[in-house]
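Below you'll find the structure, written out as C-alpha cells, and then a few comments.
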Amino acid sequence: MMQPLLFELGSPGRAGYSLPELDVPASGLPLDLLREELPLPELTEREVVQHFTRLSQLNFSVDTGFYPLGSCTMKYNPKMHEEVARYAGFTQIHPWQHESTVQGALQLMYELQKYLAEITGLPAVSLEPVAGAHGELTGMLIIRAHHLARGEESRTTVLVPDSAHGTNPASAAMCGYRVATLLSDQRGNIDVCELDRLMDQSVAGLMLTNPNTLGLFEEHILQVAEIVHGRGGLIYCDGANMNALLGIAKPGELGADVLHLNLHKTFSTPHGGGGPGGGATAVTDELSAFLPTPVVACREPGGADAQDVKYYLDYDRPGSIGPVSGFYGNFGVMVKAYAYLRSLGESGLREVAENAVLNANYILHQLRGYYDLPYDRSCLHECVFSGKVQAKLGVHTLDIAKRLIDLGFHPPTVYFPLNVDEALMIEPTETESIATLDAFVAAMRQIAVEAERDPEGVLGAPRTTPVGRLDEVGAARKPNLRWHGNHLLEE
Amino acid sequence: MSSYIPNTAADRARMLDAMGVDSVEELFDVIPAEKRYPGLALPGPLSEIEVRRLLRGLAEKNADLDHHPCFLGAGSYHHFIPSVVDHIVRRGEFYTAYTPYQPEVSQGTLTSIYEFQTMVCALTGMDVANASMYDGATALAEAGLMAARVTRRYRLLVAASSHPTHRRVLRTYTQGMGIEIQEVRRSEDGSIDASHAEELLDDGVAALMVQNPNFLGCLEDLALLSDLAHAVGALLVVSVDPVALGLFKAPGDLSADIVVGEGQSLGSPPSYGGPCLGLFACREKHLRQMPGRLVGMTTDAKGRRGFVLTLQPREQHIRREKATSNICSNEALVALAAAVYMAVMGKQGLRQVAELSYHKAHYAAEGIAAVPGYERLLGAFFKEFVIRTPVSPSVVNGRLWDRGIIGGYDLTAEYPDLTGCLLFCVTEMNTKNEIDGLVEVLKEIAEEG
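Residue numbers (my numbering), protein chains in the order written: chain R, 1490 to 1980; chain L, 8 to 456.
Laid out in C-alpha cells, this is it:
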C-alpha cells in the first residue's frame, strides 16, 4: 500500500510547530495586501515524521545497497562529514558577516581552493559553482571571456565528443556557442583526424571528459591538447570522473585549461538525492582573471591590514565573468569535501583511485563474455557494456536494469553514453568489497542466462518494489505536477 | 587512517589474479608515463578524532548566530527550523540516494518532490513549480532566459530595487545569449519607479523582473506592474521571499507569469550563504519552456499510484544543446528540508512566522527611528528596513560588534544614494531583549558620536 500524500493526511486545526508568543506590541498590518488563505497541510509533528520516514524507506540508497550508477560515483558517504558540517560555527553563520568574524570559514575555503588546485594541477580555483553543470557554465563563460579579451570573436563553435554528458553541449549553448559533435574512434577515443579537420579559427575549444564516459582514458590526450592549443583553442575538462585520477595524474598537466570537480561525487559530500552539490572550477593562471567574484584570498603576513582579516573575499577582479551564484557557493558541501581531503591525504586519495579502477576492471573482466563489450580494453573507474545480445532476445537494457532491482541492486546507468547501443555503464567505486562485486556479477550473469531461457520473467521485473514499472508516457502526455485533490488512493 | 576502502592486500591479489594482471599500477599504463604519479603536496591523512578537532577549531573561529543576536538579512535569513527537519534530512535513505532516475526504487524522493512542487504552487499561487534551482539568484537568471524563449524577445527590464547580486548573476548568465538588460529606477519610497518601467516597456521587452518585498525590504505594487508588463506582451517575473508569502497575497493571484525566489528560509540555516534553494514556478501554458526537473503523478500496470521524472525532453540529457537549461543536479535535499518545513509549519505556522517577523521588525524600526540621529527611510516594509545612521554604517556595525551584536547590511557600496544607511532585518528569532539591546547600543553610539 502506497504512503498517502501529505495532503491526504492531517485535519483542519492540527499543528506541528510551537512558536513563542509575540513579545512586542503588534503593528498594523496592511490589510489590502494580505492573502486570504494559505493552502498548506495541517499536521502534527508525529504525522510529519511518520510520513517522511515511510517515504525514506521507499528509496534505494548507498546506505542500503550497492549503487553502481556509472559516472555518478556513488561511494560511501562518511558519517563524520554530516557531523562536522553541522557545527554551529558552520551552519549558523551569515554570508554578510564581517570577514573578521568568519575567519575559520574563509580559512577552510582558502585551503580547499589550494588542495583542489594541487589535485587538478590547475592553480586558480572558484568554489562558487554549486553543481557540475554550473561549473561547466562557469568554465565555458571563462573560455568565452578569454577569447573576447583577445579580440577573437570569430570563435563561435565548441567541439563536444559524442560520448559527452548532455550537460556539456547544453552548457556550451548557454554561453551562446554553436555545438559541433566529434565522433569517437574505434577504440573509444576522440577521433584525432576528425579533431584535426574541425579545429580551426572558428572553434573556441573542446569540451572533453577524461576518463571519458566509456570509462576510458583518452589515449591521445597530449596530441589532442597540442592540436587544440596550437590553433588557439582551449580545453574544458569535465571532471565528473576525477575519482579515477586522484593522485594518479593531474588534468592540468594533461592539457586541461579549465576543469570542474563534482564535490558530491569524487569527494563524497554526498549526492543528496540530486543536490546540493559542489562544482568547484579550476583554471590555469592565464585564465584566473576571469574567475567568478568573489575568490577567497589570503593577505601576506606583515601586510598593512589588520591581522584579524587574514582571509578575505576578493571582489576586485575587473576581468571576472561576474558572480554565478548568490553568495560564495555551497559552503556546507565544502566543509564535507574539506573533511574528506584531510582524512585521506595524498596516500588515501591515491588508494581511492587505485581501488576504484581495480574494482571496475574486475567487473569488466567477470562480465566479459556475458555481455557485449563494445570497447574491449582495460578501463579506469567504470566499464560500459552493451545489452545488444540480450536485446536480440527481446530483453532490453531497461529490462536488465529492472531485473537487477529484484535481485537487490541499484541498476547501472543505462542508455548512456549515447554512442553505445543498449548501454550499461557500471561504476562500482572503491568503497565496495569483493564480496559485493561478486554478488553483483552473479546477478548480472544470472540475468544474461534468464534472457536466453526465460525472457518473459525478466520483462515483468521489478516485482519486489512498492510500484511496478510506471507509465511514463501517460505522465508526460497529461502532466499532473501538483496535488489537485480527488485523486484517491487505488486499492 | 581509513579511506573507507574494504579491499585488503589479499583481496587485491585475488582480483588481479582473476584478471591476469600483475599489478594495480599496470591498469594505469594508458596514462603517459611522464605525467603519471605527479605527487600531491597535501597535508597528511588524519584520524577521525583529529579531523573533528581540526574542524571544530575552524568552526569556533566563526561568530555564530547561536551566540550572537543578528540583524542581517539581504538575501539570507535566520529563521526558526523545527528539529524534525534535520531529523528527516539526515536519513541516509534520502541523502545517500542519487537523482531518482529509477522510479521503482526512488518513490521516497519522487513523492517528496511532488509534495514540494505542490506546496510551492500553494505558496506562490502558480500552476506549476519545478524540483528546485540552485538558488534565488540563478532562478532569477533562468527566469530571464525562459522569458526570452517564451516571447522570442531579447531585452529584460530588472528593477534596481531587486537584489544586487541576483542582478549580477542575471548578467553573468545572459552575457553570451545576446540579451540586453536594462535597470528600472527606484522611486522615492524605495519601490520600483513604475513610470520609468512604463517608459522602458515596449514590444521588444521579454520580461519585467521585480522582487517583492524588494532588496530594501519594501513592498511592490505587483498588480500595477503586471498590467504594465502585459500591456506590451512582456512577462512579469517576481522574485519572492517565501516567508513573506505566509502573510501577503500570492504573486500568482496578481497575474505574475514566473515566480522565483530564494527558499533557504524554509527550513535551512544561513550556512554562510549555501546550500541555498532556488524556487521556480510558472503558468501551465509556459510549462514546456521551463528549466529544471519536474515530477509527475502516474500509475503502474496494476493501477497503483506512483511518481516519475517527467517532461524530460526539455532537459539536457535528452535535448543536449537544445535543452531549456543545462541544469542537472539541483538542491534536492534542501527542497526536501523545505517540504518538511512547510508540512510541519503548515497553514497556521508559516503565517505566524511571517506575522512575528513583521511585528518585531516594525517594533525595531520604530525603536531605532525614535533614537535621535537615526532616521527610517522609504515606505511600507515586511521584515527589513533602511535606517540612516548618524555615524558611518561601518562604524555603527563595528561598535555593535564590540557588544557582540551582528548589525545590519551596509548599503553604501550597492546604493550610493543610500550612503550612510544600514538595512536591518528582524525575524521571529530576535527576542524583544535583543531588539531593545540593539536600540540601546545604537543610542550610545549616537551619543558618543
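Beta carbons are placed, not taken as given, at the ideal position from N, Cα and C, and that holds for glycine.
Exercise for the section: Using a Cβ-Cβ cut-off of less than 8 Å, give me the residues of the stretch 88–107 of chain L that come near chain R, in sequence order. Expected result: Pro89, Val91, Asp93, His94, Ile95, Arg97, Arg98, Gly99, Glu100, Phe101, Tyr102, Thr103, Ala104, Tyr105, Thr106, Pro107
Handout entry: Beta-carbon contacts of R/Leu1904 that lie in its chain and below 7 Å, excluding the five residues immediately before and after
Key = The sequence shown places Tyr at residue 1904 of chain R, not Leu. For R/Tyr1904, where only same-chain residues beyond five positions count, the Cβ hits under 7 Å are Thr1886, Ala1912.
Handout entry: Contact list for R/Gln1546 against chain L, beta-carbon separation under 8 Å
Key = Glu100, Gly115
Handout entry: Endpoints, beta strand (DSSP E) assigned at R/His1985
Key = Not covered by the structure: residue 1985 of chain R. The range shown for chain R is 1490 to 1980.
Handout entry: Three or more C-beta pairs below 8 Å linking the stretch 268–282 of chain L and the stretch 1818–1837 of chain R
Key = yes
Problem - Cβ contact (3+ pairs, closer than 8 Å) linking the stretch 48–59 of chain L and the stretch 1748–1763 of chain R - result: no
Exercise for the section: Check the DSSP bridge columns for L/Ala166 and list the partner residues they point to. Expected result: L/Val191
Exercise for the section: Would you list, in chain order, the members of the stretch 1910–1926 of chain R that have their beta-carbon closer than 9 Å to a beta-carbon of chain L? Expected result: Glu1919, Thr1920, Glu1921, Ser1922, Ile1923, Ala1924, Thr1925, Leu1926
Handout entry: 8 Å Cβ cutoff, L/Pro110 in contact with chain R
Key = yes
Practice task
Closer than 8 Å by C-beta to R/Ile1894: which residues in its own chain qualify, once you throw out the five before and the five after it? Chain order, please.
Solution key: Phe1549, Pro1900, Ala1950, Pro1951, Thr1953, Thr1954
Exercise for the section: Would you please verify whether the beta carbon of L/Gln189 is less than 8 Å from any beta carbon of chain R? Expected result: no
Handout entry: chain R residues whose Cβ lies nearer than 8 Å to that of L/Leu363
Key = Leu1508, Pro1509, Leu1511
Exercise for the section: Leaving aside the five residues before and after R/Gly1728 along the sequence, list all residues of the same chain whose C-beta is less than 6 Å from its C-beta, in chain order. Expected result: Leu1748, His1749, Leu1750
Handout entry: Cut-off 7 Å between Cβ atoms - residues of its own chain near L/Gln319, not counting five sequence neighbours on either side
Key = Ile325
Exercise for the section: Would you decide whether R/Ser1643 is buried or exposed? Buried here means 16 or more other CB atoms lie within 10 Å of its CB. Expected result: exposed
Practice task
Could you tell me which residues DSSP pairs with R/Ser1615 in its beta bridges?
Solution key: R/Thr1770
Problem - Neighbour list for L/Met26 in chain R, Cβ cutoff strictly below 7 Å - result: Asn1850, Tyr1851, His1854
Practice task
Determine the direct distance from the alpha carbon of R/Ser1867 to that of R/Asn1850, and round the result to whole angstroms.
Solution key: 6 Å
Problem - Min CB distance R/Glu1980 to chain L below 8 Å - result: Caution is warranted here: a pLDDT of 34 is assigned to R/Glu1980, below 50, making its placement in the model unreliable, and the coordinate value is therefore given only provisionally. Yes, because at least one Cβ of chain L sits closer than 8 Å to the Cβ of R/Glu1980.
Problem - Start-end ranges of the beta strand (DSSP E) lying completely within the stretch 1867–1941 of chain R, minimum 3 residues - result: 1872–1875, 1912–1915
Handout entry: R/Tyr1817 in three-state terms, based on DSSP
Key = coil
Handout entry: Reduced DSSP secondary structure (H/G/I, E/B, other) of R/Gln1546
Key = coil
Handout entry: Bounding residues of the alpha helix (DSSP H) (the contiguous stretch that carries L/Gly374)
Key = 339–376
Handout entry: Inter-residue spacing [alpha-carbon to alpha-carbon] between R/Thr1758 and R/Leu1703
Key = 24 Å
Exercise for the section: Give a yes or no on contact between the stretch 1719–1733 of chain R and the stretch 43–52 of chain L, applying the rule of three or more CB pairs nearer than 8 Å. Expected result: no
Practice task
Could you spell out where the beta strand (DSSP E) holding R/Glu1588 opens and where it closes?
Solution key: First-last for R/Glu1588: undefined, no H or E at that position.
Exercise for the section: Could you name the residues of the same chain whose beta carbon sits closer than 8 Å to that of L/Asp260, not counting the 5 residues immediately before and after it, in chain order? Expected result: Gly132
Handout entry: Under the three-state DSSP convention, the category R/His1976 falls into
Key = Caution is warranted here: a pLDDT of 49 is assigned to R/His1976, below 50, making its placement in the model unreliable, and no coordinate value can be reported.
Handout entry: Beta-carbon gap between L/Val247 and L/Val266 smaller than 8 Å
Key = yes
Problem - Sequence-distant residues of its chain with Cβ nearer than 6 Å to L/Ala330 (five each side left out) - result: Glu322, Gln323
Problem - L/Ser272 to R/Glu1871 span [Cα, whole Å] - result: 39 Å
Problem - Residue-level contact to chain R via CB, L/Ser399, 8 Å cutoff - result: no
Handout entry: Residue interval of the alpha helix (DSSP H) (run including L/Ser246)
Key = First-last for L/Ser246: 242–247, but that is the beta strand (DSSP E), not the alpha helix (DSSP H).
Problem - Collapsed DSSP secondary structure at L/Pro423 in the structure displayed - result: helix
Exercise for the section: Please check the pair L/Ala368 and L/Val433, which I expect to be a contact at CB under 8 Å, by giving their CB distance rounded to whole angstroms. Expected result: 4 Å
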